[in-house]
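Working notes for the structure below.
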Amino acid sequence: MIIDLARFVEKERPYWQELEKALDEIRARLLDLSDLKQSRRVLGLFQRACSDLARVGQANAEPELRNYLETLVARGYSEIHSSQTYVRRFRPLHWFLRTLPRTFRRQMWAFNLSVALTLIGMLVGGILLVADPDGRQVALAPFPHVAHQTPSQRVADEETANNDKQKMLEERKSSFSAQLMANNIGVSIKAMAFGLTWGIGTALLLFYNGVILGAVCLDYMLDGQTVFLLGWLLPHGSFEIPAILIGGQAGFVLARALIGWGTRDGMRTRLRMIVPDLATLIGGVALMLVWAGIIEAFFSQYHAPVLPYWLKITFGSIELVILVAFYWYCGRKTGPEEEAEQ
Amino acid sequence: MNARSTIATLHIATPEGVAFALPLAGPITRAMALAVDLVVMLAIGKVLSLAMGILRAVSNDAGAAGMLLSQFLISFGYGSICELLFNGQTIGKRVLGIRVMDERGLRLRPSQVIIRNLLRIVDMLPFLYAVGGIFCLLSRRNQRVGDLAAGTVVVRTVKATPPDIEGLLGGKYNSFRQHPHLEARLRQKITPDEAQLALAALVRREELQIEAVIQIFGEMATRFRSKVKFPEETVFGLSDEQYVRNVVDTLYRQSGKA
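As they're listed, the protein sequences go chains A and B. With the first letter of the first sequence counted as 1, position 238 gets the number 238 in our numbering; the numbers rise by one all the way through. With the first letter of the second sequence counted as 1, position 80 gets the number 422 in our numbering; the numbers rise by one all the way through.
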């Protein structure tokens with residue numbers, strides 16, 4: 001069948017133009033599909049465009065007209081069939097106080113795995129430090145300033161820092177902070193992205209971090225510098241280390257979706273389901289690392305007698321308690337809006 | 343809804359029972375868009391470094407911090423911010439006429455945009471987007487790793503205006519209308535593919551070189567003349583192009599008048 005194309009276009013064009021206008025308005029949030037009258041009208045126009053596309057397809061009509069109708073139907077399909085939750089405006093406070101902690105708890109298994117791998121790494125780092133005469137140099141290789149002097153020597157250096165060193169620290173606090181943020185966020189993104197290697201890359205990264213952390217901690221503890229260690233690491237580490245672990249958590253969530261444990265859904269469906277969780281977790285990590293970067297540059301680098309260790313340890317401990325409470329308790333109460341959604 | 347794909351097209355079937363296809367962007371087009379984006383990112387970086395240079399005059403430390411953070415934000419945030427703000431398009435994609443969309447044809451979610459851009463670091467491995475390029479070549483939907491994970495595809499943006507069929511066919515005298523029985527036979531004998539080809543030739547007439555116009559319409563007219571023979575006085579003096587135009591008018595304007 002070959003339709004009367006000119007008459008067909010002439011008759012249908014006003015409806016197509018009306019649908020185009022409605023779709024523009026929906027995208028610009030000027031038209032609300034929750035209004036029943038409006039949504040019926042838009043749906044009617046969309047169905048009409050679908051029907052026109054079917055007719056044009058059967059008629060084997062002009063390709064340009066078919067392209068136009070396909071584009072129009074594709075736009076309509078995208079706007080009309082997307083769930084309203086996608087369309088809703090991003091609410092930063094809701095995301096921070098509810099979505100982020102809920103997502104973290106929902107994917108708790110992956111966080112536990114991150115913690116376990118880091119702890120195993122710490123154990124290996126500790127063993128490497130005490131069992132092998134060259135182990136200290138190997139385990140602490142990424143931190144030459146730590147490896148080439150004993151913890152006691154470093155503590156003595158830090159506590160008797162002369163004016164030049166203090167001045168140098170003062171002069172580059174902001175850039176040091178920015179460098180830390182960029183570097184740590186980059187590492188967390190890698191921890192997540194390496195989940196694409198079925199989690200092997202993520203596991204290796206966490207394990208390696210654990211080895212270094214374990215070696216550093218044990219080195220200071222064996223040298224009797226536990227208080228310095230806590231005062232140095234806790235203020236920023238209470239956010240930085242969990243942030244890297246959450247980055248690893250995101251990586252394992254991604255890896256599980258690729259492997260497909262515990263579900264009969266196809267890979268595309270599995271990935272589709274976890275993408276919002278990945279974005280949420282990595283968003284939380286970025287926020288945590290911004291805070292950790294500020295604290296490390298502006299607070300952690302000052303030691304006694306400038307800042308007493310008890311103050312630094314207390315501050316770091318309070319941070320850690322707040323962080324745990326945030327991820328554990330926030331967003332547990334379901335509001336009426338969320339109940340309706342469920 | 344279900345989605346199936348061929349090498350260069352994303353096919354989507356809607357619950358309304360209609361299928362539509364969107365042309366996918368190929369690896370070369372995407373690489374060119376990326377090249378444009380890299381130039382834009384360099385330009386933005388240069389402008390920001392100038393701004394930070396001014397800030398450095400006030401505070402060296404703040405300027406250096408600003409520089410570091412802006413470089414980091416450009417490298418990780420440029421793609422996400424542009425695609426979130428400009429309906430799945432970066433400047434490079436806009437220039438090359440492509441855009442990111444959900445692989446099921448639904449609205450692109452912010453989380454998809456963020457993840458496809460963050461996973462770019464895997465696509466870039468080990469150098470020059472080798473992983474992303476290989477995946478793009480092997481994938482049925484031309485998806486790089488980030489696209490596969492985020493459930494996105496990159497499609498070519500199609501010109502979205504209805505063709506002016508009335509302007510093309512309307513207002514012109516068609517001598518075939520004097521012979522309705524021959525017109526009916528013509529409609530019977532010409533296949534839908536031939537009809538579509540003739541209409542497409544008329545729509546694209548202005549885009550063709552004159553030699554091509556003469557050749558194409560000549561071949562078409564010969565073919566159509568062999569299908570139905572109109573009386574000599576009806577076709578006398580008709581050029582090949584006018585002959586094809588009359589055929590198309592007969593086929594697509596059934597209510598038209600002589």
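Ideal placement from N, C-alpha and C gives every residue a C-beta, glycine not left out. Model, not experiment: these values are computed from the prediction.
- Here T226 of chain A carries a helix assignment [DSSP, helix/strand/coil].
- Comparing C-alpha distances from T371 of chain B to each of B:G434, B:R587, B:P573 and B:V586 shows the shortest one belongs to B:G434.
- The Cβ of A492 of chain B sits closer than 8 angstroms to at least one Cβ of chain A.
- Distance from the Cα of D223 of chain A is smallest, within the candidate group A:E25, A:A156, A:P305 and A:G201, for A:A156.
- Its chain contains V570 as the residues whose beta carbon lies nearer than 6 angstroms to that of R527 of chain B, once the 5 sequence neighbours on both sides are disregarded; these appear in chain order.
- The DSSP assignment places 135-139 and 144-147 as complete runs of the alpha helix (DSSP H) inside the segment 115-157 of chain A, in order along the chain (cut-off: 4 residues).
- Closer than 8 angstroms to the CB of P522 of chain B there is not a single CB belonging to chain A.
- As DSSP reads the structure, P365 of chain B sits in a beta bridge with B:T351.
- Taking C-beta atoms under 8 angstroms as the contact rule, S177 of chain A and F315 of chain A fail to qualify, at a distance of about 17 angstroms.
- The three-state secondary structure of V500 of chain B, taken from DSSP, is coil.
- The count of Cβ pairs closer than 8 angstroms, one atom from the segment 201-211 of chain A and one from the segment 427-445 of chain B, stays below three, leaving the stretches out of contact.
- If one requires a minimum length of 4 residues, the alpha helix (DSSP H) runs lying completely within the segment 216-296 of chain A are 226-259 and 267-295, in chain order.
- Cβ-Cβ separation between V589 of chain B and F559 of chain B: approximately 11 angstroms, too far for a contact (criterion under 8 angstroms).
- Residues of the segment 435-462 of chain B with a C-beta atom less than 7 angstroms from some C-beta of chain A are G447, L448, R449, R451, P452, S453, Q454, I456, I457, L460 and L461, listed in chain order.
- Counting of Cβ neighbours within 10 angstroms places G214 of chain A among the buried residues, the total reaching 16 or more.
- Within the DSSP bridge table, the entry for R441 of chain B names B:V497 as partners.
- Annotated three-state conformation of Q179 of chain A is helix, per DSSP.
- Below 8 angstroms, enough C-beta pairs join the segment 270-286 of chain A and the segment 247-258 of chain A to call them touching: three or more.
- Within a 10 Å sphere around the beta-carbon of H236 of chain A sit 16 or more other beta-carbons, which makes this residue buried.
- At least one CB atom of chain A sits nearer than 8 angstroms to the CB of T503 of chain B.
- For A554 of chain B and A375 of chain B, the gap between their C-alpha atoms comes out near 32 angstroms.
- The distance from the Cβ of L31 of chain A to that of L461 of chain B is about 34 angstroms, inconsistent with a contact at the 8 angstroms cut-off.
- Contact check for G331 of chain A against R106 of chain A fails: the beta carbons are separated by 8 angstroms or more.
- Counting only the Cα atoms, I456 of chain B lies some 21 angstroms from W291 of chain A.
- Chain-ordered listing is empty here: chain B has no CB closer than 9 angstroms to the CB of Y15 of chain A, the nearest sitting near 11 angstroms.
- Judged by DSSP in its simplified three-state form, G447 of chain B adopts coil rather than helix or strand.
- Residues of the segment 183-204 of chain A with a C-beta less than 8 angstroms from any C-beta of chain B: I185, G186, I189, K190, M192, A193, F194 and L196, listed in chain order.
- Taking CB atoms only, E358 of chain B has a neighbour in chain A less than 8 angstroms away.
- For a Cβ distance threshold of 7 angstroms, residue set E171, R172, K173, S174 and S175 of chain A lies close to D403 of chain B, ordered along the chain.
- Along the segment 124-151 of chain A, there is no position whose C-beta sits under 9 angstroms from a C-beta of chain B.
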